[in-house]
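For reference, the structure discussed in these notes is given below.
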Amino acid sequence: MQIQIRYVAIFGVFLLLLVLSACYAPIWYDDAGHFIVIREFVSEGVACYPVDLGAGICDAQSPFITLGPALNYPLAGWMWAFGPNMLTGRIFMVMLALGAMLAFWMLARRLLQPQKAFWALALVLGNVQLVTYGSEILGEVPMLGWLFLGLALQLDWWQNGSWRAHLAATGAYVLAILSKEYVALPLAMGLGAWMVYWLWMRQARQVLAILGQGLLIGLAIIGYHLAKTGSWEAFFAWFQARGSYGAEFFSFNLGESLRFLLFKPLILLGSIALLIKVWMRRAAPDILIACFHFAHLFFFLSSAGYDRFGFQLIFIPAIYLAEFMAVIWKRFILKQPHPRLRQMVFIFSFLLLFTQQTFPILAQRILSSTSSNLAEETVSALISQYHIEQIYTYDQQLIPFLPPKVRFRLSPTVPSNSSNCQPLSLHSAEWLIAGIYAQTSFQNC
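Shown next as structure tokens:
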């Protein structure tokens, strides 16, 4: 009963943080872009930017249509039912974030005892990146939820031989890819590494099962896009348009990636704890988790150092660090109840949470940000006041939903097709209409 109360309390705090974060204006460019695309889908029936829709270059050509159909369509249905505004969409994402963390708890419970699983959950639920990403219209947190559910079901299949669990895990992986396409890369590396392990162990049944799983995932993804595009030619055109992912994800900015990891002791210590457990026990469940975790780590190190990739590395290490800390506490701290030693453990735990930049940054964001509804109302009033007939660039469409700190990135004037066809001056409130990159090429008046 005590553990159940703990779970209610920790999820209650997590929900409160998510709701608080959801009520404030975006801090991510993609968040505002995804909102605009879904809003246009609700009003026009096409997932596209307004400027793309008019130019006839919608869908694969649009730069920010990176939310997959597993998120686009349910979110559009939610906003159609409850209103096409940003806060409505945020509430939907909050519910998905809660579901994702329930999936993470399911995975932790299959690897740890109940009390240790609670501490693994406690290590991640206060992370500011989880709170901000989970409350914004971004696909990373729901994608992780499907991935964790797939891993939990994969463990069920290995432990109990349930082919239903195996098929359900395959479905969860498909939904993860249909939430954020890029997860197909670390997912393929993780499944491939686990298959190599079973090849080394000469277990043909497991090897064939993983090959079949990969085949089903590929057929499901190809089948969906064939149904959407209508022909093989259109499918290959879509696939080639996604070829830019390689240049973006495998740019190997090691300096930026290592700088991110340096200030995340949870990732470093948890990864070491995972390696120690794999080395000591060589258990198949831990090897499966290690394959996926280090595939994600390689994916992050080979990328441009995006923190949205790096933040995905905190979850698996939290599971093994919670187990390792519980063992240290039981074997050494309780047997040697020295006050100074216990104080050091508590200080270490506090630093472990604080160095992930959780509550201070969240409070700073809430105190300095504009509410999401106010951002929408402000830009609507400005468009009406200055008789803006058309906004040409993607950047000009997104800027109303971003905080004032982007002002320093703007050039002095930005042309716009206003009623008098004059440049907008950034010395007044008109800067909200300007583009975040004013030098972007676009049509003049």
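Using this note's numbering, the letters of the sequence shown map in sequence onto residues 1144 to 1588.
Each residue gets a CB set at the ideal place from its N, CA and C atoms; glycine is no exception.
Between Gly1453 and the rest of its own chain, which residues show a CB-CB distance below 6 Å, the 5 nearest in sequence each way excluded?
Contacts found: Phe1403, Phe1443.
Taking only the alpha-carbon atoms, compute the straight-line gap between Pro1329 and Thr1275 and give it to the nearest angstrom.
For Pro1329 and Thr1275, the distance between alpha carbons rounds to 23 Å.
Taking C-alpha atoms, which residue in Ala1363, Met1344, Leu1290 lies nearest to Gly1333?
Comparing Cα-Cα distances from Gly1333 to each of Ala1363, Met1344, Leu1290, the minimum goes to Leu1290.
With a threshold of 6 Å on Cβ separation, who are the neighbours of Val1284 within its own chain once the five nearest residues in sequence on each side are excluded?
Cβ neighbours of Val1284 beyond the five flanking positions: Ala1240, Ala1243, Tyr1276, Gly1277.
First and last residue of the alpha helix (DSSP H) that includes Ala1166?
Going by the sequence as given, residue 1166 is Cys instead of Ala. Unbroken run through Cys1166: none, as it is neither H nor E.
Is the distance from the Cβ of Ala1246 to the Cβ of Leu1281 below 8 Å?
No; because the gap between Cβ atoms is not below 8 Å, this pair is not in contact.
According to DSSP, is Ile1280 helix, strand or coil?
Correct three-state label for Ile1280: coil.
Nearest-angstrom Cα distance between Val1156 and Ile1415?
Each residue's Cα considered, the two are about 29 Å apart.
Which runs of the alpha helix (DSSP H) fall wholly inside the stretch 1224-1309 and span at least 4 residues, in chain order?
Runs of the alpha helix (DSSP H) inside the stretch 1224-1309: 1229-1254, 1257-1268, 1271-1278, 1283-1303.
Taking 8 Å as the CB-CB cut-off, is Asn1215 touching chain D?
Here there is only one protein chain, and chain D is not present.
Among residues of its own chain, excluding the 5 on either side of His1439, which ones have a beta-carbon nearer than 7 Å to its beta-carbon?
So the list reads Pro1329, Gln1455, Leu1456, once near-sequence residues are dropped.
Which of helix, strand or coil does DSSP assign to Phe1443?
Three-state result, Phe1443: helix.
Between the stretch 1215-1225 and the stretch 1176-1191, do three or more beta carbon pairs fall short of 8 Å?
The stretch 1215-1225 vs the stretch 1176-1191: in contact.
Enumerate in chain order the residues of its own chain whose CB-to-CB distance from Ala1461 is below 7 Å, with the five nearest sequence positions on each side excluded.
Only Ala1263, Leu1266, Val1267, Leu1409, Gly1413 meet the Cβ criterion.
Straight-line CA distance for Gly1448 to Met1344?
The straight-line gap from Cα to Cα measures roughly 35 Å.
Taking just the CA atoms, how far does Met1286 sit from Leu1273?
If you take the alpha carbons of Leu1273 and Met1286, they lie about 13 Å apart.
When you compare the CB positions of Ile1353 and Trp1337, do they come within less than 8 Å of one another, or not?
Their beta carbons are under 8 Å apart, which means Ile1353 touches Trp1337 by this criterion.
Per DSSP, what kind of secondary structure is Tyr1449 in: helix, strand or coil?
Of the three classes helix, strand and coil, the one that applies to Tyr1449 here is coil, per DSSP.
Among the residues of its own chain, which have a CB less than 7 Å from the CB of Leu1359, if the five just before and after it don't count?
Contacts found: Thr1313.
Ordered along the chain, which non-local residues of its own chain (more than five positions away) have a Cβ less than 6 Å from that of Ala1086?
Because the chain is modelled from 1144 through 1588, residue 1086 falls outside the range shown and cannot be assessed.
Report back the beta-carbon spacing between Leu1254 and Ile1432 to the nearest angstrom; my notes put them in contact at under 8 Å.
The pair is a contact, with the Cβ atoms about 7 Å apart (cut-off 8 Å).
Cβ of Ala1319 within 8 Å of Cβ of Val1326?
Result yes, Cβ atoms of Ala1319 and Val1326 sit closer than 8 Å.
Could you tell me how far apart the beta carbons of Ala1311 and Leu1296 are, in whole angstroms, since I believe they sit closer than 8 Å?
At roughly 5 Å, the Cβ-Cβ gap stays under 8 Å, so Ala1311 and Leu1296 are in contact.
Let me know if Gly1226 comes out buried or exposed under the rule of 16 or more other beta-carbons within 10 Å of its beta-carbon.
Looking at its Cβ environment, which holds fewer than 16 other Cβ atoms inside 10 Å, Gly1226 is exposed.
Please report the straight-line C-alpha distance between Ile1179 and Gly1269, rounded to a whole angstrom.
One C-alpha to the other measures close to 29 Å.
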